[in-house]
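Note sheet for the following structure.
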Amino acid sequence: MRFEIVTIFPGFFTGIFENGIVRRALAEGLVEVGIHDLRAFTHDRHRTVDDRPFGGGEGMVLKPEPLAEALASLGILPKTARASADRVVAEEQNPVKGTGFSPYIESAKQTGALAPEGCNPGESHSASRTRVILLSAQGRPFTQALARELAGLDRVVLDRIVLICGRYEGVDERINEIYCDLELSIGDYVLSGGELAAAVVIDAAMRLIPGVLGNEASGEFESFGVADAEIATDIEGVPRSQHGAGGLLDYPHYTRPAEFAGLRAPEVLLNGDHSQIRRWRRQQQLLKTLANRPDLLENAALSKEDRKLLDAIHETGN
Ligand code: SAM
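FYI, the numbering used here numbers position 19 of the sequence shown as 104, with every residue one higher than the one before it.
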């Protein structure tokens, strides 16, 4: 998987991918990051990348021409051209299904998924394995589910994700219309540029790419993780007491010493009874989610036992 970042501040990324899991993934060649200076695609003395907004108003807007050139230099076609390339691939692969191929963009918009129907995950360097993302406060919220999609855990294994970092008032909207598969926001606040957002998206997606996290951890067992039923590995009998979060928040973690500042780690975690530990952790997940993110409970994968516990909490009020 290769991430391409288009930015007017390439220096922003110095050091950002040089620590921990990300550094290891890059060193091992599991992922690659390319950083592209937008000013390299200007042709005037001042290397101008912005201009005043049509219609007046505050600030400046990133001009479309340098961005289009930067994307062309990466071999990125307008999304309509990518859709027809995909259609050809899909029809060659499966002539019957190919006739019902939904256009790339429409599929992404309707399902919220990044994958066009009928695309071919096995096709090397196919347009269907590239996504272009515009970082924008106006975008669709970035979630763990989207990070999983980008990491290729759902539907399509991608081989390239291009991230366009806006600055000033943003990017000329025609770039979004012509090239971008997805407009993505990392939260309900306004950053001064898309660079931080790009780093967030890359970090969250990259760590989920198979092989990046070691055996010691897995994205399935963390906050917002999948339900038990979706976990492929056999966890029966293994004290992997985490188990799938099913969309809930993670439970609290403790390590040595057993007593710290007069507070003892929960006794249940010290007694080695894995079924009790698992039950306790599940309860903690529910309590934490209820306290901090009750909205997540609406779509979480909850068992009968989970619901009983939540009902009991509602009844007693704590
Ligand atoms: N005028 C824009 C608005 O009100 O939505 C804000 C532009 S912001 C100052 C400049 C750039 O920062 C945006 O083009 C985008 O690339 C990035 N940005 C700001 N907030 C973001 C967010 N929450 N998520 C992702 N990118 C963001």
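By construction, the Cβ of each residue, glycine as well, lies at the ideal position given by its N, Cα and C atoms. Predicted model only: the values in this text are computed from it and were never measured.
* Asked: Less than 8 Å separating the beta-carbons of residue 261 and residue 293?
  -> One-based indexing of the sequence shown puts residue 261 at position 176. One-based indexing of the sequence shown puts residue 293 at position 208. Their beta carbons are not under 8 Å apart, which means residue 261 does not touch residue 293 by this criterion.
* To do: Apply the 10 Å Cβ neighbour rule to residue 235 and answer buried if 16 or more other Cβ atoms are within range, or exposed otherwise.
  => As a first step, residue 235 must be located in the sequence shown, where it is residue number 150. Residue 235 should be labelled buried.
* C-beta atoms of residue 386 and residue 304 nearer than 8 Å -> Along the sequence shown, read from residue 1 onward, the residue named residue 386 stands at position 301. Along the sequence shown, read from residue 1 onward, the residue named residue 304 stands at position 219. Not in contact: residue 386 and residue 304 (Cβ atoms no closer than 8 Å).
* Classify residue 213 as buried or exposed, calling it buried when 16 or more other Cβ atoms lie within 10 Å of its own Cβ. => Translated into the one-based positions of the sequence shown, residue 213 becomes position 128. It is buried - the Cβ of residue 213 has at least 16 other Cβ atoms within 10 Å.
* Please go through the stretch 264-303 and give each complete alpha helix (DSSP H) segment of 4 or more residues, from N-terminal end onward. => 279-291
* To do: Go ahead and pull the three-state DSSP assignment for residue 222.
  => What you label residue 222 is simply residue 137 of the sequence shown in a count that begins at 1. Three-state DSSP puts residue 222 in a strand.
* Please name the residue or residues paired with residue 89 in a DSSP beta bridge. => Your numbering for residue 89 matches position 4 in the sequence shown. DSSP lists 119 and 247 as partners of residue 89.
* **C-alpha distance - residue 162 paired with residue 370, whole-angstrom precision** => Along the sequence shown, read from residue 1 onward, the residue named residue 162 stands at position 77. Along the sequence shown, read from residue 1 onward, the residue named residue 370 stands at position 285. Rounded to whole angstroms, residue 162 to residue 370 spans 44 Å at the Cα level.
* Asked: Opposite residue 348 in the DSSP bridges: which residues?
  -> Sequence index remark: in the sequence shown, residue 348 carries index 263 (1-based). DSSP output for residue 348 lists 345 as bridge partner(s).
* Per DSSP, what kind of secondary structure is residue 171 in: helix, strand or coil? -> For the purposes of this step, residue 171 is taken as residue 86 along the sequence shown, with counting starting at 1. Three-state result, residue 171: helix.
* Give the DSSP-derived three-state secondary structure of residue 256 in the structure shown. => Position 171 of the sequence shown, counted from the first residue, corresponds to residue 256. Strand.
* Since residue 254 contacts residue 100 with CB under 8 Å, what's their CB separation in whole angstroms? -> Working through the sequence shown from its first residue, we reach residue 254 at position 169. Working through the sequence shown from its first residue, we reach residue 100 at position 15. Incorrect: roughly 28 Å between the Cβ atoms, too far for contact.
* To do: Report all residues from its chain with a CB closer than 8 Å to the CB of residue 388; omit the five preceding and five following residues, and keep chain order.
  => As a position in the sequence shown, residue 388 is number 303, starting the count at 1. So the list is empty, once near-sequence residues are dropped.
* To do: Kindly indicate which residue of 378, 133 and 156 has the alpha-carbon position closest to the one of residue 148.
  => For the purposes of this step, residue 148 is taken as residue 63 along the sequence shown, with counting starting at 1. Of the candidates 378, 133 and 156, the one whose C-alpha sits nearest the C-alpha of residue 148 is 133.
* Does the separation of the CB atoms of residue 110 and residue 297 fall below 8 Å? -> On the sequence shown, position 25 is the one that residue 110 refers to. On the sequence shown, position 212 is the one that residue 297 refers to. Result yes, Cβ atoms of residue 110 and residue 297 sit closer than 8 Å.
* Asked: Got a sec: is the Cβ-Cβ distance from residue 354 to anything in chain D below 8 Å?
  -> Chain labels in this structure do not include chain D; a single protein chain is all it has.
* **Close-in-space but distant-in-sequence residues of the same chain around residue 249 (CB under 6 Å, 5 per side omitted)** => Numbered from 1 along the sequence shown, position 164 holds the residue referred to as residue 249. Correct list, in chain order: 91 and 219.
* Just the C-alpha distance for residue 146 and residue 139, rounded to the nearest angstrom, thanks. => The sequence position of residue 146 within the sequence shown is 61, counting from 1. The sequence position of residue 139 within the sequence shown is 54, counting from 1. So the alpha carbons of these two residues sit roughly 9 Å apart.
* To do: Compare the C-alpha of residue 126 against each of 355, 152 and 118 and name the closest.
  => Within the sequence shown, numbered from 1, the residue matching residue 126 stands at position 41. Selected option, being the one with the closest Cα: 152.
* Would a C-beta distance cut-off of 8 Å place residue 291 and residue 107 closer than the cut-off? -> For the purposes of this step, residue 291 is taken as the residue at position 206 of the sequence shown. For the purposes of this step, residue 107 is taken as the residue at position 22 of the sequence shown. It is a contact, given that the beta carbons lie within the stated cut-off.
* Can you tell me whether residue 396 is buried or exposed, with buried defined as 16 or more other CB within 10 angstroms of its CB? -> In the sequence shown, residue 396 corresponds to position 311, counting from 1. Burial call: exposed.
* Identify every residue that forms a DSSP beta bridge with residue 216. => Counting from 1 along the sequence shown, the entry for residue 216 is found at position 131. In the DSSP output, where bridge partners are listed per residue, residue 216 has 246.
* Run of the alpha helix (DSSP H) containing residue 234, from where it starts to where it stops -> Mapped onto the sequence shown, residue 234 falls at position 149. Run containing residue 234: 229-235, per the alpha helix (DSSP H) assignment.
* **Residues bridged to residue 136 [DSSP beta-bridge criterion]** => Locating residue 136 in the sequence shown gives position 51, counting from the first residue. Paired residue(s): 146.
* Looking at the structure shown, is residue 154 part of a helix, part of a strand, or coil, going by DSSP? -> Looking up residue 154 in the sequence shown gives position 69. Residue 154: helix per DSSP, three-state reduction.
* Taking the continuous alpha helix (DSSP H) assigned at residue 308, which residues delimit it? -> In the sequence shown, residue 308 corresponds to position 223, counting from 1. Looking at the DSSP string, residue 308 is not in any alpha helix (DSSP H), and its letter there is neither H nor E.
* In terms of residues, what are the limits of the alpha helix (DSSP H) holding residue 379? -> Position 294 of the sequence shown, counted from the start, is the residue given in the question as residue 379. Segment 379-382, the alpha helix (DSSP H) holding residue 379.
* Asked: How many angstroms separate the CA atom of residue 274 from the CA atom of residue 367?
  -> Reading the sequence shown from its first residue, position 189 is the one you call residue 274. Reading the sequence shown from its first residue, position 282 is the one you call residue 367. Straight-line Cα distance between these residues: approximately 32 Å.
* **Supposed contact pair residue 334 and residue 378 - C-beta distance, whole angstroms, cut 8 Å** => Taking the first residue of the sequence shown as position 1, residue 378 is located at position 293. Taking the first residue of the sequence shown as position 1, residue 334 is located at position 249. Right, their Cβ atoms sit about 6 Å apart.
* Neighbourhood of residue 374 by C-beta, 8 Å cutoff - its chain only, sequence neighbours within 5 removed -> Taking the sequence shown and counting its residues from 1, the one referred to as residue 374 is at position 289. Hits under 8 Å: 333, 334, 381, 382 and 385.
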